[in-house]
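Visitor: Residue numbering for the sequence shown is 245 to 757, as defined by the numbering used here. The structure follows.
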Amino acid sequence: MSRTLAVVLVVTTSASVLVLEILSMRLVAPYAGLTLETYTASVGVALGAIAVGAALGGRAADAMGPDRIIGPLLVAGGALTMLARPLVLTFGPALRGAGPAAAVILVGLGIAVPVAVLSAVPPAVVKTQLARLTETGTVVGRFSALGTAGALAGTFATGYVLLATLPVSQALLATGILMVGLGAGQLVRDRLVGRGVPAGDTRRGPGVPLLGLTVLGAGLLVAVPSECEVETAYYCARVVPEGETGRVLYLDDLQHSYVDVADPTHLEFVYTERFADVITLMAPRSRPIQALHLGGGGFTIPRWLAATRPGSTSTVLELDPSIVRLARERLGLRTGPSLRVRVGDARTTIATQPADGYDLVVGDAFGGRSVPWHLTTREFVGQVDRVLRPDGVYLLNIIDNPPLAFLAAEIATLRQVFPQVFVLATTDQLAGEDGGNFVVVAGSRAPDPAALASAAAARDEAERPRPEAPEGPEGVATERGVDRLVGDARPLSDDWAPVDQLLTPYVYSDGGG
245 MSRTLAVVLV VTTSASVLVL EILSMRLVAP YAGLTLETYT ASVGVALGAI AVGAALGGRA
305 ADAMGPDRII GPLLVAGGAL TMLARPLVLT FGPALRGAGP AAAVILVGLG IAVPVAVLSA
365 VPPAVVKTQL ARLTETGTVV GRFSALGTAG ALAGTFATGY VLLATLPVSQ ALLATGILMV
425 GLGAGQLVRD RLVGRGVPAG DTRRGPGVPL LGLTVLGAGL LVAVPSECEV ETAYYCARVV
485 PEGETGRVLY LDDLQHSYVD VADPTHLEFV YTERFADVIT LMAPRSRPIQ ALHLGGGGFT
545 IPRWLAATRP GSTSTVLELD PSIVRLARER LGLRTGPSLR VRVGDARTTI ATQPADGYDL
605 VVGDAFGGRS VPWHLTTREF VGQVDRVLRP DGVYLLNIID NPPLAFLAAE IATLRQVFPQ
665 VFVLATTDQL AGEDGGNFVV VAGSRAPDPA ALASAAAARD EAERPRPEAP EGPEGVATER
725 GVDRLVGDAR PLSDDWAPVD QLLTPYVYSD GGG
């Protein structure tokens, strides 16, 4: 094998392994969440498979000869790459809600075997380049460096290009086709030069079963249905009609937002009604409000604010540009001077907002399974305080379940910055007996808790049936109630924020967005 071909094979297989590792996080997120445990599972399973594949590949190269195994390994690795998504889609629903183990199992099902098979290629390639014993160290070191370079290329290409431009299915298909193509070329080359199956060996070569595996992988990749309407860099997103004008936005498998495209004043989820209660009591209805929204989703509250308080302005910080496009196409989003969208991470984009520029900050970026930890810390809350006017309010939707450790830690964090912190939820939730959506109100001059309680009571009396709404009367936790919720919880900081461990994963929530 020429040195040039050897370099190409080592670099491309190493890159493909990292493509698989990173794509696996996106593959399993609809079932296990995009959490620290998911990242850990992807890295751990990939590293284990790399080790096994490299060891077995080196042994097979010694026992069978490298030329006999390189082509079949490439074709098999490419075909198995295309099977990764169908396997996760098939078994994922059964493992939903299984905790951290779900991520390990699903990542293992999806990528462990193709990663191991592709990782067996570099040792076999290296063996073809070992001509003299005196150069062994140089050759092994060179190809080790090339493999690392390929892995780096695969990492950056996936994170910055593939996930931003292609659905996961197409990225896997492209990777699989590349590997199958290289393997087929290697098989043809070996036949032409008399390598591969030795002369006189009447056994059938691997071509037919490998072709069958490739067809199976490509066919299932296309045929196995996905729930996604749009695969973004961060979510499997879909919009489901409900009634004539209702639309429900699902991100991964969680109900995220409800939008009535004909009536922006309609609020379906209870937590959005709690938001509305607070905003209504902040200032007279005739007074416009300048609001900053952390997370767009279905853009329910920005649209409601524009419809109920003419002259108000909303700036929405949304991480995912594909969600913004989907909201424009399917959820009736119209942007303009009164509703502007800034695409980017809220932690960095909030730093560009003016000090004392907003009456209201609405935090609606936390999910039921995963939370962007860097939006939970004392340092970030300090940025929220910076952009709020002296009488401004920070509204935050938190989804947690007993023992409510994450809720307690976040409230403790807010209390380090804001003198007033209240919590709106059902009485069972406030007693720590139930979970779901908690609306936290923080500020220096927050609305009167008694008025909030009256508004909640009025909603209780007029409440329409909602099969997924939390049961029990609404309540407001003020200082003593908040003390009980917080207990001895430690505030979160950039130095210490184990939110994935504190959060009790999704059991029930009435949405988030």
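Virtual Cβ for every residue (Gly too), placed ideally from N, Cα, C. Keep in mind the model is a prediction, meaning the values are calculated, not measured.
What residue does the beta strand (DSSP E) around residue 682 start on, and which one ends it?
Guide: As a working mapping, residue 682 is identified with position 438 in the sequence shown. Counting along the chain, the beta strand (DSSP E) containing residue 682 begins and ends at 680–687.
Visitor: Give the DSSP-derived three-state secondary structure of residue 627 in the structure shown.
Guide: Position 383 of the sequence shown, counted from the first residue, corresponds to residue 627. Residue 627 falls in the helix class under three-state DSSP.
Visitor: Ends of the alpha helix (DSSP H) at residue 388?
Guide: Looking up residue 388 in the sequence shown gives position 144. From DSSP, the alpha helix (DSSP H) with residue 388 extends over 380–401.
Visitor: Looking at C-alpha atoms only, which residue of 721, 595 and 291 is the closest neighbour of residue 651?
Guide: Position 407 of the sequence shown, counted from the start, is the residue given in the question as residue 651. Of the listed residues, the one whose Cα sits closest to residue 651 is 721.
Visitor: Using 8 Å as the threshold, is the stretch 451–464 in touch with the stretch 362–370, meaning 3 or more CB pairs across them?
Guide: No, because fewer than three Cβ pairs between the stretch 451–464 and the stretch 362–370 fall closer than 8 Å, the two stretches do not touch.
Visitor: Within a Cβ cutoff of 6 Å, which residues of the same chain sit near residue 355, ignoring the five residues on either side of it in sequence?
Guide: The residue labelled residue 355 in the question sits at position 111 within the sequence shown. Contacts found: 264, 268 and 328.
Visitor: Does the distance from the CB of residue 518 to the CB of residue 574 come in under 8 Å?
Guide: In the sequence shown, counting from the first residue as 1, residue 518 sits at position 274. In the sequence shown, counting from the first residue as 1, residue 574 sits at position 330. Not in contact: residue 518 and residue 574 (Cβ atoms no closer than 8 Å).
Visitor: Please confirm whether residue 608 and residue 539 have their CB atoms less than 8 Å apart.
Guide: Numbered from 1 along the sequence shown, position 364 holds the residue referred to as residue 608. Numbered from 1 along the sequence shown, position 295 holds the residue referred to as residue 539. Cβ atoms of residue 608 and residue 539: closer than 8 Å.
Visitor: Looking at C-beta atoms only, is the number of pairs between the stretch 471–478 and the stretch 548–566 that lie closer than 8 Å three or more?
Guide: Touching, yes, given that three or more Cβ pairs across the two stretches are closer than 8 Å.
Visitor: Relative to the C-alpha of residue 588, which candidate in 537, 676, 337 and 464 has its C-alpha closest?
Guide: The residue given as residue 588 occupies position 344 in the sequence shown. Nearest option by C-alpha distance: 537.
Visitor: Which residues mark the beginning and the end of the beta strand (DSSP E) in which residue 666 is found?
Guide: Looking up residue 666 in the sequence shown gives position 422. Counting along the chain, the beta strand (DSSP E) containing residue 666 begins and ends at 664–670.
Visitor: By how many angstroms is the C-alpha of residue 663 removed from the C-alpha of residue 690?
Guide: Residue mapping note: residue 690 aligns to position 446 of the sequence shown, counting from 1. Residue mapping note: residue 663 aligns to position 419 of the sequence shown, counting from 1. Residue 690 and residue 663: Cα-Cα distance of roughly 9 Å.
Visitor: Between the alpha carbons of residue 250 and residue 261, how many angstroms are there, rounded?
Guide: On the sequence shown, residue 250 is found 6 positions in, with the first residue counted as 1. On the sequence shown, residue 261 is found 17 positions in, with the first residue counted as 1. Roughly 17 Å between the two C-alpha positions.
Visitor: How big is the Cα-Cα spacing for residue 630 and residue 621?
Guide: To locate residue 630, count along the sequence shown from 1; it is residue 386. To locate residue 621, count along the sequence shown from 1; it is residue 377. Their Cα atoms are separated by approximately 14 Å.
Visitor: Count the other C-beta atoms from every protein chain shown that fall within 10 angstroms of the C-beta of residue 678, then say buried if there are 16 or more, exposed otherwise.
Guide: Position 434 of the sequence shown, counted from the first residue, corresponds to residue 678. Buried.
Visitor: Hey, residue 586 and residue 557: beta-carbon distance below 8 Å or not?
Guide: Mapped onto the sequence shown, residue 586 falls at position 342. Mapped onto the sequence shown, residue 557 falls at position 313. Not closer than 8 Å, so no.
Visitor: Where does residue 458 fall in DSSP's three states?
Guide: Taking the first residue of the sequence shown as 1, we reach residue 458 at position 214. Note: residue 458 maps to helix in three-state DSSP.
Visitor: Using three-state DSSP, classify residue 342 as helix, strand or coil.
Guide: Taking the sequence shown and counting its residues from 1, the one referred to as residue 342 is at position 98. Three-state DSSP puts residue 342 in coil, outside helix and strand.
Visitor: Going by alpha carbons, who is nearest to residue 653 out of 531, 544, 534 and 746?
Guide: Taking the sequence shown and counting its residues from 1, one reaches residue 653 at position 409. It is 746.
Visitor: By Cβ distance below 8 Å, which residues in the same chain neighbour residue 292 in space, the five residues on each side in sequence not counted?
Guide: Translated into the one-based positions of the sequence shown, residue 292 becomes position 48. Correct list, in chain order: 356.
Visitor: If you drop the 5 nearest sequence neighbours on each side, which residues of the same chain put their C-beta closer than 7 Å to that of residue 741?
Guide: Position 497 of the sequence shown, counted from the first residue, corresponds to residue 741. These residues qualify, in order along the chain: 617, 620 and 621.
Visitor: Among all the DSSP beta bridges, which residues are the ones paired with residue 413?
Guide: By one-based count along the sequence shown, residue 413 stands at place 169. Answer is none; residue 413 lacks a bridge partner.
Visitor: Looking only at its chain, what residues have a beta carbon closer than 7 Å to the beta carbon of residue 472, apart from the 5 residues adjacent to it on each side?
Guide: Position 228 of the sequence shown, counted from the first residue, corresponds to residue 472. Once the five neighbours on either side are set aside, the close Cβ partners of residue 472 are 480, 481 and 482.
Visitor: Between residue 388 and the rest of its own chain, which residues show a CB-CB distance below 7 Å, the 5 nearest in sequence each way excluded?
Guide: By 1-based counting over the sequence shown, the position of residue 388 is 144. So the list is empty, once near-sequence residues are dropped.
Visitor: For the alpha helix (DSSP H) that contains residue 493, what are its first and last residues?
Guide: By 1-based counting over the sequence shown, the position of residue 493 is 249. No alpha helix (DSSP H) holds residue 493; the beta strand (DSSP E) holding it covers 490–495.
Visitor: As an exercise, report each continuous alpha helix (DSSP H) stretch of at least 4 residues that is fully enclosed by the stretch 569–630, in chain order.
Guide: As far as the stretch 569–630 is concerned, its whole alpha helix (DSSP H) runs of at least 4 residues are 590–593.
Visitor: Looking at the unbroken alpha helix (DSSP H) that takes in residue 479, where does it start and where does it end?
Guide: Mapped onto the sequence shown, residue 479 falls at position 235. Counting along the chain, residue 479 falls outside any alpha helix (DSSP H), and DSSP gives it neither H nor E.
Visitor: If I measure Cβ to Cβ from residue 369 and keep anything under 6 Å in the same chain, skipping five residues before and after, which residues do I get?
Guide: Residue mapping note: residue 369 aligns to position 125 of the sequence shown, counting from 1. Excluding residues within five positions, the ones whose Cβ falls inside 6 Å are 250, 253 and 254.
Visitor: On the three-state DSSP scale, how would you describe residue 696?
Guide: Counted from its first residue, the sequence shown places residue 696 at position 452. Residue 696 falls in the helix class under three-state DSSP.
Visitor: Within the same chain, show all residues whose beta-carbon is closer than 7 Å to that of residue 330, passing over the 5 residues directly before and after it, in chain order.
Guide: Reading the sequence shown from its first residue, position 86 is the one you call residue 330. Result list for residue 330: 464, 465 and 468, in chain order.
Visitor: Can you list, in chain order, the residues of its chain whose CB lies under 8 Å from that of residue 603, leaving out five sequence neighbours each side?
Guide: Residue numbering aside, residue 603 sits at position 359 when the sequence shown is read from its first letter. Hits under 8 Å: 526, 527, 533, 534, 535, 632, 633, 635, 636 and 637.
Visitor: Between which two residues does the alpha helix (DSSP H) harbouring residue 297 extend?
Guide: For the purposes of this step, residue 297 is taken as residue 53 along the sequence shown, with counting starting at 1. Per DSSP, residue 297 belongs to the alpha helix (DSSP H) from 280–308.
Visitor: Per DSSP, which residues does residue 534 bridge with? Please list them.
Guide: Reading the sequence shown from its first residue, position 290 is the one you call residue 534. According to DSSP, residue 534 bridges with 557.
Visitor: Suppose you measure from the CA of residue 322 to the CA of residue 308; what does that come to, to the nearest Å?
Guide: Position 78 of the sequence shown holds residue 322. Position 64 of the sequence shown holds residue 308. If you take the alpha carbons of residue 322 and residue 308, they lie about 21 Å apart.
Visitor: Could you have a look at residue 447 and say whether DSSP puts it in helix, strand or coil?
Guide: Locating residue 447 in the sequence shown gives position 203, counting from the first residue. Any answer about residue 447 is weak, because its pLDDT of 48 lies below 50 and its placement is not dependable; what the coordinates show is given next. Residue 447: coil per DSSP, three-state reduction.
Visitor: Need the endpoints of the beta strand (DSSP E) that residue 501 sits in, please.
Guide: If you number the sequence shown from 1, residue 501 lands on position 257. It spans 498–504 - the beta strand (DSSP E) in which residue 501 sits, taken as one unbroken run.
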